[in-house]
Each structure stands twice: as structure tokens, then as C-alpha cells.
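So the sequence shown is numbered by the working numbering: it starts at 84 and just counts up by one.
One structure is given below, encoded as C-alpha cells.
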Amino acid sequence: MLSDQDMSSAIVWLPHGRSWRVVNREVFAKLCLPRYFGHKNHSSFVRIVNAWGFRRITRGPDRDSYFHEVSASNK
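This is the structure we're talking about:
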């Protein structure tokens, strides 16, 4: 999903490549979630990524992005 250029208006890697952020929740729910998860529920998506071990950053310049200890972009 993050490597799909069609989704770049909704979800992106942050420049440092260690976390990602949903930049447009409405577009993300309409386009990304149905294509990759079969539903449009953002809360369900958050529960899924939390179960996979992703954690939301709550402070600083990366606020509201998600990271995983073994996840990174190919930058």
C-alpha cells in the first residue's frame, strides 16, 4: 500500500523512512482500505496495525505517524 503511487495522496512514508502517516483520512478510507483490507473502517485498520506491532507516535514532528521496530521504507 505504501509503495502504491495511487495511494500517495492518502498515506506516505515520512522523509526519514522509519514511519508512515495517513495524510488524508477521508481518501484513505474511500480508496485504500477497501482495496487492501476489504472495508472502509479506519478504527478497524488502527486495531489491525496495532495488533501487527505498529505503534503511533504521539509527540514531536512525527506525531500521528506509525512505526514498527523492523519496518522501514527502502530509502
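C-beta atoms are modelled at their ideal positions from N, C-alpha and C, and glycine is treated no differently.
Residue environment for Ser148: buried (at least 16 other C-beta atoms within 10 angstroms of its C-beta). For the pair Ile94 and Glu152, the Cα-to-Cα distance works out to about 19 Å.
Looking only at Arg138, Phe111, Pro98 and Pro144, the smallest Cα-Cα distance to Asn124 is reached by Phe111.
Residue pairing of Tyr149 in beta bridges, as defined by DSSP: Trp103 and Arg139.
Of Phe150, Cys115 and Gly121, the smallest CA-CA separation from Arg142 is found for Phe150.
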